[in-house]
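For the sequence shown, our numbering gives the first residue as 80, with consecutive numbering after it. Think of the CB as a built atom: it goes at the ideal place given N, C-alpha and C, for glycine as much as any other residue. Data block below; observations after.
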Amino acid sequence: MLALTLATAVLIGLALGVLGGGSILTVPILVYLAGLDVKQAIATSLFAIGVTSAAAAITGSLAGGRLAGRIPEQLLRKGFGWLGIVMGGFVLAQQLPAGV
């Protein structure tokens, strides 16, 4: 049963990485496979998702910081400027009435 629970946890982790969210998947697994009651499963899933999110954010920040340190400043400025223009265009496009 432990091996099945761990394998399912890995699959949930992969699904979280691809889809986001996760309590909808985690709670039933913890209740039906791990044998936790519903309150324990909810608390455990929130803790697990919080820890996973924090670890991913820290890892991504460190990797992004190291990568940004290797890219010339001028290229970073241009890339950031273009990103702002593109995202602004998306926001404006959503504000336009249909058919314009």
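Asked	Found
When DSSP labels each residue in this structure, what does residue 107 get in the three-state scheme?	helix
From which residue to which residue does the alpha helix (DSSP H) around residue 166 run?	152-174
Nearest-angstrom Cα distance between residue 114 and residue 133?	26 Å
Which residues mark the beginning and the end of the alpha helix (DSSP H) in which residue 122 is found?	117-149
Would you please state the rounded distance, in angstroms, between the beta carbons of residue 130 and residue 120? I believe it to be under 8 Å.	Contact doesn't hold; Cβ gap of about 16 Å is too wide.
List the whole-angstrom C-beta distance separating residue 94 from residue 83, where the pair is believed to meet the contact cut-off of C-beta under 8 Å.	16 Å between Cβ atoms; not a contact.
Exposed or buried, residue 106, counting other C-beta atoms within 10 Å across all chains shown (16 or more means buried)?	buried
Thinking C-alpha only, which one of 162, 88 and 158 is nearest residue 124?	88
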